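Peer 1: Structure in structure tokens, see below.
Protein chains: 2
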Amino acid sequence: MYSQSEENYLKAIYHLEESSEKGVSTSKLSEELQTKAASVTEMLKRLAEKKLVNYQKYYGVSLTPEGKSWALAIIRKHRLWEYFLVECLNFNWDEVHEVAEQLEHIQSKKLVEELDCFLGRPSFDPHGDPIPNAAGVLPEFKKRRLSEFKVGDTLICKGFSDASSSFLQFLDQHKIGLDTLVSIKSIQEFDESMLVKVRKSEIMLSKTATQNIFVEKNKESKIKEKV
Amino acid sequence: MYSQSEENYLKAIYHLEESSEKGVSTSKLSEELQTKAASVTEMLKRLAEKKLVNYQKYYGVSLTPEGKSWALAIIRKHRLWEYFLVECLNFNWDEVHEVAEQLEHIQSKKLVEELDCFLGRPSFDPHGDPIPNAAGVLPEFKKRRLSEFKVGDTLICKGFSDASSSFLQFLDQHKIGLDTLVSIKSIQEFDESMLVKVRKSEIMLSKTATQNIFVEKNKESKIKEKV
DNA sequence: TAAAATTTTTAGGCAAAGCTAAATAATTTT
DNA sequence: AAAATTATTTAGCTTTGCCTAAAAATTTTA
Ligand SMILES: [Mn+2]
Ligand SMILES: [Mn+2]
Ligand SMILES: [Mn+2]
Ligand SMILES: [Mn+2]
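Protein chains in written order, with the numbering used here: chain A, 1 to 227; chain B, 228 to 454.
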């Protein structure tokens, strides 16, 4: 239906719309997609003609409902494939993104639905990112950063917003992953770094790190510790 | 490494080299790939520059060792994905080809090897076509057509060379698939059509059909019938 | 608010991969 | 062996998606 390139633009616009208050600019897009601004302008004109985006010369771009639903379909595929790679094919969570970038463009309604079913209709991908359902609806979840909490809190890791290989490998090294329990032992005042306890060991996390770890308040930690 | 289009040409040349004695001509390729002869000529020049084919103006084309090994890698992926779709995702064997045409172009050594492993290193795809191993070596197998046999012979279906949806659906309707036992009851002299027995029922197969069904002599039919 | 800086768009090119129409080479027929 | 037919290649054009350099609009700064 749409080319790989067009799909990548839609996805990039979606992500930028999510992560910033203001409209999406040509330069932000060109940075995200590693292309030149001139190429972005051209593509935006094409996408606007196809009614996938609202584009006003010099004033940025936003997705139309049609564009948004297409973007969500691509993201759904991307995250389902990442889940498949980790759960079925022994990929580590820092190796999946590149391959998923290719697989997300495969066109087949049946393939996506059967894959979803085969995997047990997962709600979150290996990085804790929510997987939209077939209708494009994202699962309910609240995003709070580890950096927002205070000494004494015990939390469950639910996602990681910097998906770079190096950050994911750092987390691996310290055995921090999805559903890992983390309790805050102390916070340095001058740089807001945190000393946290993970299982038996204590780890120092920089503010950059704690801002990129999404957590949930742990309601059942007492119970689980007894079991 | 190579574009999807280039990969499709390599695959097409491979298949045509296999299925015909003589060299592969521009017109055969244009027919196979549903493009115009002029486009084929252009692509052949590009592939020759990249040392993937031997191309002599006006005298057809053949794969170099490099080209052949790349073609086999694509075919390996195609057939592994077809196997995956049928075995894991509830696809019927007449629905897989189109999706596999897309999946075969995904680039990731690890993906292919892990998929192969996950599937249990199958030797044949859902249509009975041999799957090359990682080194590009095809499993041993002998191709004989049902049309070569005579009344009284009992045979096991091992492959189907016309992979069109309609032929595969026809086989489905008559419950003929891989490893189905078929015995020849009679052969019409005037059109060489065959009356065969499959399980409890008798089916009439045209010569076109029997030429497209690959079989093996059944060594254990007596034993199996007793069990 | 006018000048400077920055961002965005336009203009003009390029490569891949397709097309049609015309030219040319190879093959078949007479 | 020449003519006719068929196959193949060349020439010229199109679209997609990218680029650089120049022009124009917007935003920031003074
Ligand atoms: Mn990813
Ligand atoms: Mn992810
Ligand atoms: Mn196939
Ligand atoms: Mn097949």
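No residue lacks a Cβ here, since even glycine has one placed at the ideal position from N, Cα and C.
Because the structure is a prediction, the values reported are computed rather than measured.
What residue range is occupied by the uninterrupted beta strand (DSSP E) comprising B:Ser232?
Peer 2: Careful: B:Ser232 lies outside any beta strand (DSSP E), inside the alpha helix (DSSP H) at 231 to 246.
Peer 1: To which residues does DSSP link B:Glu429 through a beta bridge?
Peer 2: B:Lys424
Peer 1: Would you mind stating whether B:Asp519 and B:Ser428 have Cβ atoms separated by less than 9 Å?
Peer 2: Because residue 519 of chain B is not part of the residues shown, which for chain B are 228 to 454, the question remains open.
Peer 1: Secondary structure at B:Thr437, three-state DSSP: helix, strand or coil?
Peer 2: helix
Peer 1: Report the neighbours of B:Leu342 on chain A: residues whose CB is nearer than 9 Å to its CB, in chain order.
Peer 2: Cys88, Leu89
Peer 1: Should the segment 20 to 37 of chain A be regarded as contacting the segment 105 to 117 of chain A, the criterion being three or more beta carbon pairs within less than 8 Å?
Peer 2: no
Peer 1: Under 7 Å Cβ-Cβ, which residues of chain A neighbour B:Ser335?
Peer 2: Val99
Peer 1: Going by DSSP, name the residue or residues bridged to A:Leu155.
Peer 2: A:Val182, A:Lys217
Peer 1: Interface residues of chain A around B:Leu330 at Cβ under 7 Å?
Peer 2: Ile106
Peer 1: Are three or more beta carbon pairs between the segment 96 to 107 of chain A and the segment 133 to 140 of chain A nearer than 8 Å?
Peer 2: no
Peer 1: By how many angstroms is the C-alpha of B:Gly404 removed from the C-alpha of B:Thr381?
Peer 2: Take the alpha-carbon of B:Thr381 and the one of B:Gly404: they are about 15 Å apart.
Peer 1: Is A:His78 near ligand 5 - that is, is its Cβ less than 8 Å away from at least one heavy atom of it?
Peer 2: Ligand 5 is not part of the structure shown, which contains ligand 1, ligand 2, ligand 3 and ligand 4 as its ligands.
Peer 1: Between the segment 384 to 400 of chain B and chain A, which residues of the former have CB atoms less than 8 Å from a CB of the latter, in chain order?
Peer 2: Listed by position, the residues of the segment 384 to 400 of chain B near chain A (Cβ gap below 8 Å) amount to none.
Peer 1: When you measure from the CB of A:Asp125 to every non-hydrogen atom of ligand 2, does any distance come out below 8 Å?
Peer 2: yes
Peer 1: Does any C-beta atom of chain B lie closer than 9 Å to the C-beta of A:Leu85?
Peer 2: yes
Peer 1: Between B:Val423 and ligand 4, is the CB less than 8 Å from at least one heavy atom?
Peer 2: no
Peer 1: Along the beta strand (DSSP E) that carries B:Tyr282, what are the first and last residues, could you check?
Peer 2: 280 to 282
Peer 1: Against chain B, with Cβ distances strictly below 9 Å, would A:Glu6 count as a contact?
Peer 2: no
Peer 1: Quick one: is B:Gly347 near chain A, going by C-beta distance under 9 Å?
Peer 2: no
Peer 1: Kindly examine ligand 1 and report whether one of its heavy atoms sits closer than 8 Å to the Cβ of A:Val96.
Peer 2: yes
Peer 1: When you compare each of B:Ser335, B:Lys385, B:Ile383, B:Cys384 to B:Ala361 by their alpha carbons, which one comes out closest?
Peer 2: B:Ser335
Peer 1: Using 8 Å as the threshold, is the segment 144 to 162 of chain A in touch with the segment 208 to 218 of chain A, meaning 3 or more CB pairs across them?
Peer 2: Contact between the segment 144 to 162 of chain A and the segment 208 to 218 of chain A is present: 3 or more CB-CB pairs across the two stretches fall below 8 Å.
Peer 1: State yes or no: is the beta carbon of B:Ser230 nearer than 9 Å to at least one beta carbon in chain A?
Peer 2: no
Peer 1: Does at least one heavy atom of ligand 1 sit under 8 Å from the Cβ of A:Glu32?
Peer 2: Closer than 8 Å to some heavy atom of ligand 1: that does not describe the Cβ of A:Glu32.
Peer 1: B:Ile411 and B:Leu422: beta carbons closer than 9 Å?
Peer 2: yes
Peer 1: To the nearest whole angstrom, what separates the beta carbons of B:Val326 and A:Leu111, a pair I think is in contact under 8 Å?
Peer 2: 6 Å
Peer 1: Any idea what DSSP makes of B:Leu312, helix, strand or coil?
Peer 2: helix
Peer 1: Nearest to A:Met204 by alpha carbon, out of A:Ser186, A:Glu82, A:Lys217?
Peer 2: A:Ser186
Peer 1: Quick check on A:Leu229 - is its C-beta less than 9 Å from some C-beta in chain B?
Peer 2: This structure leaves residue 229 of chain A out entirely; chain A is present only between 1 and 227.
Peer 1: Of all the CB atoms in chain A, is at least one closer than 9 Å to the CB of B:Leu290?
Peer 2: Chain A, which has no Cβ nearer than 9 Å to the Cβ of B:Leu290, makes this no.
Peer 1: At a threshold of 8 Å, does B:Asp356 count as lining ligand 4 (C-beta to nearest heavy atom)?
Peer 2: yes
Peer 1: Could you tell me whether the Cβ of B:Leu338 comes closer than 9 Å to any Cβ of chain A?
Peer 2: yes
Peer 1: Does the beta carbon of A:Glu95 come closer than 9 Å to any beta carbon on chain B?
Peer 2: yes
Peer 1: Taking 8 Å as the line, does the beta carbon of A:Ala163 fall inside it for any heavy atom of ligand 2?
Peer 2: Checking every heavy atom of ligand 2 against the Cβ of A:Ala163, one is found closer than 8 Å.
Peer 1: Would you mind reading off the limits of the beta strand (DSSP E) that contains A:Val96?
Peer 2: For A:Val96, there is no enclosing beta strand (DSSP E); the enclosing alpha helix (DSSP H) covers residues 96 to 103.
Peer 1: Nearest by alpha-carbon distance to B:Tyr229: which of B:Lys255, B:Glu293, B:Gly287 is it?
Peer 2: B:Glu293
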